[in-house]
Amino acid sequence: MKVILFLCLSCILTVGRAQDDDYVVNNKYFPDKFMFGCATASYQGAWDEDGKGQNIWDNLTHTLSRTAYRKIRTMETWPCYVKENWVLTTIGFSISWSGKYLPTGFPYKINEAGVQYYRNFIKELKDNGIEPLVTIFHWDTPQGLHEVGGWLSEFIVDYYAEYARIVFQLFGDDVKYWLTFNEPKQTCQQGYGSGEKAPFVQSHGLGEYICTHILLKAHAKAWHIYDDEFRPTQNGLVGITIDTPWFEPNTTSDEDLEASERQLQFEFGWYANPIFNGDYPEIMKTRIANRSALEGFQTSRLPEFTQEEIDFINGTFDYLGLNHYSTYMVSAMPEPEIGDPSWEKDTGIAVFQDPSWEGSASDWVKVTPWGMRKILKWVKETYNNPAIIITENGISDNGTLSEDLDDESFRSHYYKYYLSYLRDAMIEDGVNVFGYTVWSLMDNFEWTRGYTEKFGLYQVDFSSGNRTRTPKKSATYYSKVISTRCLVDTCEEE
Ligand code: GBH
Numbered sequence: 128m129k130v131i132l133f134l135c136l137s138c139i140l141t142v143g144r145a146q147d148d149d150y151v152v153n154n155k156y157f158p159d160k161f162m163f164g165c166a167t168a169s170y171q172g173a174w175d176e177d178g179k180g181q182n183i184w185d186n187l188t189h190t191l192s193r194t195a196y197r198k199i200r201t202m203e204t205w206p207c208y209v210k211e212n213w214v215l216t217t218i219g220f221s222i223s224w225s226g227k228y229l230p231t232g233f234p235y236k237i238n239e240a241g242v243q244y245y246r247n248f249i250k251e252l253k254d255n256g257i258e259p260l261v262t263i264f265h266w267d268t269p270q271g272l273h274e275v276g277g278w279l280s281e282f283i284v285d286y287y288a289e290y291a292r293i294v295f296q297l298f299g300d301d302v303k304y305w306l307t308f309n310e311p312k313q314t315c316q317q318g319y320g321s322g323e324k325a326p327f328v329q330s331h332g333l334g335e336y337i338c339t340h341i342l343l344k345a346h347a348k349a350w351h352i353y354d355d356e357f358r359p360t361q362n363g364l365v366g367i368t369i370d371t372p373w374f375e376p377n378t379t380s381d382e383d384l385e386a387s388e389r390q391l392q393f394e395f396g397w398y399a400n401p402i403f404n405g406d407y408p409e410i411m412k413t414r415i416a417n418r419s420a421l422e423g424f425q426t427s428r429l430p431e432f433t434q435e436e437i438d439f440i441n442g443t444f445d446y447l448g449l450n451h452y453s454t455y456m457v458s459a460m461p462e463p464e465i466g467d468p469s470w471e472k473d474t475g476i477a478v479f480q481d482p483s484w485e486g487s488a489s490d491w492v493k494v495t496p497w498g499m500r501k502i503l504k505w506v507k508e509t510y511n512n513p514a515i516i517i518t519e520n521g522i523s524d525n526g527t528l529s530e531d532l533d534d535e536s537f538r539s540h541y542y543k544y545y546l547s548y549l550r551d552a553m554i555e556d557g558v559n560v561f562g563y564t565v566w567s568l569m570d571n572f573e574w575t576r577g578y579t580e581k582f583g584l585y586q587v588d589f590s591s592g593n594r595t596r597t598p599k600k601s602a603t604y605y606s607k608v609i610s611t612r613c614l615v616d617t618c619e620e621e
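Counting from 128, one number per residue, gives the positions in the sequence shown under the working numbering.
1. Run the proximity test for residue 309: is its beta-carbon closer than 7 Å to any non-hydrogen atom belonging to the ligand GBH?
2. Do residue 268 and residue 224 have their C-beta atoms within less than 8 Å of each other?
3. What do you reckon, are the CB atoms on residue 469 and residue 331 nearer than 8 Å?
4. Pair every Cβ in the stretch 378–392 with every Cβ in the stretch 419–433, then say whether three or more of these pairs are closer than 8 Å.
5. Note the first and the last residue of the continuous alpha helix (DSSP H) segment covering residue 252.
6. Could you tell me if the beta carbon of residue 570 falls within a distance shorter than 7 Å of some heavy atom in the ligand GBH?
7. Could you spell out where the alpha helix (DSSP H) holding residue 470 opens and where it closes?
8. Could you give the DSSP three-state label for residue 306: helix, strand or coil?
9. Bridge partners of residue 221, per DSSP?
10. Mind checking whether residue 317 and residue 182 have CB atoms under 8 Å apart?
11. Determine the extent of the alpha helix (DSSP H) in which residue 553 is found, giving its start and end residues.
12. Near residue 396, what residues of its chain come up, given a Cβ to Cβ distance below 6 Å and the 5 sequence neighbours on each side ignored?
13. So what's residue 450 in DSSP terms, helix, strand or just coil?
14. When every heavy atom of the ligand PLP is checked, does at least one fall within less than 7 Å of the C-beta of residue 490?
15. According to the Cβ coordinates, are residue 260 and residue 564 closer than 8 Å?
16. What first and last residue would you give for the beta strand (DSSP E) that runs through residue 166?
17. State the start and end residues of the unbroken beta strand (DSSP E) segment that holds residue 596.
18. Who are the near neighbours of residue 348 in its chain, counting only those whose CB is closer than 7 Å to its CB and skipping five residues on each side?
19. Would you say residue 566 touches the ligand GBH, meaning its beta carbon is less than 7 Å from a heavy atom?
20. My guess is that residue 510 and residue 399 are in contact by the Cβ rule of under 8 Å, so how many angstroms apart are they, rounded?
21. Here's the rule I'm using: 16 or more other beta-carbon atoms within 10 Å means buried, otherwise exposed. How should residue 545 be labelled?
22. Any heavy atom of the ligand GBH closer than 7 Å to the beta-carbon of residue 108?
23. Apply the 10 Å Cβ neighbour rule to residue 329 and answer buried if 16 or more other Cβ atoms are within range, or exposed otherwise.
24. Which residues in the same chain as residue 450 place their Cβ atom closer than 7 Å to its Cβ, once the five residues preceding and following it in sequence are excluded?
25. Mind checking whether the beta-carbon of residue 464 lies closer than 7 Å to any heavy atom of the ligand GBH?
26. Pick from 618, 585, 620, 575: whose alpha carbon is nearest that of residue 325?
27. Tell me whether residue 614 is buried or exposed, calling it buried when 16 or more other Cβ atoms sit within 10 Å of its Cβ.
28. Short of 8 Å in beta carbon distance, which residues of its chain neighbour residue 108, apart from the five on each side in sequence? Order them along the chain.
29. For my contact list, residue 180 and residue 231 are in at a C-beta cut-off of 8 Å; report their separation, rounded to the angstrom.
30. Compute the minimum distance between the beta carbon of residue 524 and the heavy atoms of the ligand GBH, and state whether it is under 7 Å.
31. May I ask which residues mark the beginning and end of the beta strand (DSSP E) holding residue 503?
32. Taking the alpha carbon of residue 242 as the point to measure from, which residue in 266, 258, 296 has its own alpha carbon closest?
33. Would you grab the beta carbon distance between residue 303 and residue 364 for me? Rounded to a whole angstrom, and I think it's under 8 Å.
34. DSSP on residue 187, reduced to helix/strand/coil?
Here it is, written out as structure tokens:
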């Protein structure tokens with residue numbers, strides 16, 4: 128009886144928040160200079176290119192068969208937009224650390240053909256008026272570095288920094304927008320904490336903190352290398368992409384408001400706070416230290432930065448990349464019992480989604496466009512109004528070949544409303560958003576979910592020899608948004 132009552136109450140309470148029936152789509156033109164584009168990532172497209180080296184995902188999907196899916200080789204990214212005469216202003220892609228130009232992941236062996244491949248690609252983009260937005264690391268740790276400790280070894284800081292230096296040297300004359308890492312939380316928390324992503328290390332409440340501590344130093348080192356050695360001649364910008372959902376307080380109680388703030392700090396502030404404000408969020412330092420002591424640890428499971436490290440990491444950004452897809456509800460809960468540690472217990476918050484929210488092929492992506500405005504406003508207020516580009520935002524279908532092309536009321540609708548709330552955030556809340564790239568240009572390899580969740584504006588037929596690509600209706604909608612800078616039929620100046 129109690130349970131039923133609770134469920135009904137929560138339905139009534141959440142309906143108003145979830146749906147904003149009177150909401151009117153923003154009809155103000157986007158600024159002329161706003162960068163619109165598509166995002167992609169190296170490993171999720173091509174595999175087995177000539178001379179490419181192994182990374183931890185190759186190893187898991189092929190050698191160890193740890194995921195149910197084997198990677199299929201797709202065609203290059205570029206013919207797609209060129210052929211269709213897209214009006215993209217930017218395209219995001221990542222460089223593979225152990226890719227064709229650096230097959231071992233180590234700088235002692237550079238493959239000229241691989242260098243030429245990236246140079247041609249970047250030139251092709253620029254010739255078509257498209258600004259390359261390049262991610263240096265999107266989860267594909269070279270296998271050789273993994274075998275000597277990967278992101279749990281301090282040694283990787285210098286190896287990553289050296290890799291970044293080479294990338295700046297080779298391509299920095301033409302690339303003006305760099306991102307050091309894509310979603311470090313997924314590399315660390317999923318790779319070394321929960322163990323849901325490669326390299327599948329399960330070290331709850333310990334491995335993810337060690338990984339993050341090391342990764343943040345690698346990020347800072349790459350930023351400093353650019354700042355000292357390349358910025359004077361290349362004049363580009365170096366940022367980092369951090370992902371976060373919006374966390375909506377379940378009620379307006381002080382406890383639930385605090386839960387929302389705390390969850391955002393554990394999820395996003397964990398990475399953003401050291402880079403933007405100098406150290407881990409206070410709430411993380413306090414909670415993890417307290418829980419560690421009660422668990423019997425001699426020191427906090429959250430490592431401490433020295434003052435020198437704080438000074439080195441603080442301020443290492445020129446802009447922020449934000450990946451945002453969906454929203455969760457949060458509520459305060461009793462302190463989790465002391466026992467085996469975990470990041471979730473360290474947060475101590477109940478996180479859930481509203482069953483009435485429209486879903487997708489990915490259980491974590493619900494259509495909650497209002498969260499876009501809230502997260503942007505929160506980031507602006509918490510980190511002193513940084514320049515932001517939304518580097519990923521999108522929704523998945525099941526990839527049923529004939530049905531999913533007709534995605535007007537699904538994917539086009541998602542983009543229209545997310546972009547509308549984004550535009551609201553710019554106008555109403557003064558958030559400094561300068562660009563947006565959808566995830567993703569084409570259907571691709573969705574990590575441990577293989578080819579079951581498809582985020583592309585272009586459908587890829589993975590069973591056809593040349594991987595036939597067909598635009599979904601959302602591709603047409605988005606292309607129109609870019610060329611008109613307007614989400615609806617007619618727009619007006621701000
Ligand atoms: C992005 O991450 C990735 O950057 C991109 O490579 C990927 O293709 C894209 O998402 C679409 O998935 O399994 O319920 O625990 C988005 C952030 C964080 C979303 C981890 C999935 C796991 C949810 N991701 N999250 S769950």
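Each residue gets a CB set at the ideal place from its N, CA and C atoms; glycine is no exception.
Let me lay it out:
1. As a position in the sequence shown, residue 309 is number 182, starting the count at 1. Answer for residue 309: yes, Cβ within range of the ligand GBH.
2. Translated into positions along the sequence shown, residue 268 becomes position 141. Translated into positions along the sequence shown, residue 224 becomes position 97. Closer than 8 Å, so yes.
3. As a working note, residue 469 is residue 342 in the sequence shown. As a working note, residue 331 is residue 204 in the sequence shown. Result yes, Cβ atoms of residue 469 and residue 331 sit closer than 8 Å.
4. no
5. Within the sequence shown, residue 252 is the residue found at index 125, counting from 1. Taken as a continuous stretch (DSSP letters only), the alpha helix (DSSP H) holding residue 252 covers 239–254.
6. Here residue 570 refers to the residue found at position 443 of the sequence shown. No; taking the cut-off as 7 Å, the Cβ of residue 570 has no heavy atom of the ligand GBH nearer than that.
7. For the purposes of this step, residue 470 is taken as residue 343 along the sequence shown, with counting starting at 1. It spans 470–474 - the alpha helix (DSSP H) in which residue 470 sits, taken as one unbroken run.
8. If you number the sequence shown from 1, residue 306 lands on position 179. DSSP, read as helix, strand or coil, puts residue 306 in strand.
9. By one-based count along the sequence shown, residue 221 stands at place 94. 262.
10. Here residue 317 is taken as the residue at index 190 of the sequence shown, counted from 1. Here residue 182 is taken as the residue at index 55 of the sequence shown, counted from 1. No, the Cβ-Cβ distance between residue 317 and residue 182 is not below 8 Å.
11. Numbered from 1 along the sequence shown, position 426 holds the residue referred to as residue 553. 540–555 is the extent of the alpha helix (DSSP H) around residue 553.
12. Along the sequence shown, read from residue 1 onward, the residue named residue 396 stands at position 269. Closer than 6 Å at Cβ, skipping near neighbours: 408.
13. Reading the sequence shown from its first residue, position 323 is the one you call residue 450. Strand, per DSSP.
14. Ligands displayed in this structure: the ligand GBH; the ligand PLP is not among them.
15. Sequence index remark: in the sequence shown, residue 260 carries index 133 (1-based). Sequence index remark: in the sequence shown, residue 564 carries index 437 (1-based). Result yes, Cβ atoms of residue 260 and residue 564 sit closer than 8 Å.
16. Start at 1 with the first residue of the sequence shown, and residue 166 comes out as number 39. Per DSSP, residue 166 belongs to the beta strand (DSSP E) from 162–166.
17. Mapped onto the sequence shown, residue 596 falls at position 469. 596–598 is the extent of the beta strand (DSSP E) around residue 596.
18. Taking the first residue of the sequence shown as 1, we reach residue 348 at position 221. Same-chain partners within the cutoff: 284, 288.
19. Along the sequence shown, one-based indexing puts residue 566 at 439. It does: the Cβ of residue 566 is within 7 Å (strictly closer) of some heavy atom of the ligand GBH.
20. In the sequence shown, counting from the first residue as 1, residue 510 sits at position 383. In the sequence shown, counting from the first residue as 1, residue 399 sits at position 272. 6 Å between Cβ atoms; contact.
21. Reading the sequence shown from its first residue, position 418 is the one you call residue 545. Residue 545 comes out buried.
22. An answer regarding residue 108 cannot be provided, because it is not within the stretch 128 to 621 covered by the chain.
23. Position 202 of the sequence shown holds residue 329. That one is exposed.
24. Walking along the sequence shown from the start, residue 450 turns up at place 323. Taken in chain order, the residues that qualify are 310, 368, 370, 518, 519.
25. Taking the sequence shown and counting its residues from 1, one reaches residue 464 at position 337. No, the beta carbon of residue 464 sits no closer than 7 Å to any heavy atom of the ligand GBH.
26. The residue given as residue 325 occupies position 198 in the sequence shown. Of the candidates 618, 585, 620, 575, the one whose C-alpha sits nearest the C-alpha of residue 325 is 575.
27. Working through the sequence shown from its first residue, we reach residue 614 at position 487. The Cβ neighbour count for residue 614, taken over all protein chains shown within 10 Å, is at least 16; the residue is labelled buried.
28. With the chain represented from 128 up to 621, any question about residue 108 goes unanswered, as that position is not in the structure.
29. Taking the first residue of the sequence shown as position 1, residue 180 is located at position 53. Taking the first residue of the sequence shown as position 1, residue 231 is located at position 104. Sure, about 5 Å apart at Cβ, within 8 Å.
30. Locating residue 524 in the sequence shown gives position 397, counting from the first residue. False, no ligand heavy atom lies under 7 Å from that Cβ.
31. Here residue 503 refers to the residue found at position 376 of the sequence shown. Careful: residue 503 lies outside any beta strand (DSSP E), inside the alpha helix (DSSP H) at 497–509.
32. The residue given as residue 242 occupies position 115 in the sequence shown. Among 266, 258, 296, the Cα nearest to that of residue 242 is on 296.
33. Reading the sequence shown from its first residue, position 176 is the one you call residue 303. Reading the sequence shown from its first residue, position 237 is the one you call residue 364. Contact flag correct, Cβ pair sits at about 7 Å.
34. As a first step, residue 187 is located in the sequence shown; it is residue number 60 there, counting from the start. Here residue 187 sits in helix by DSSP.
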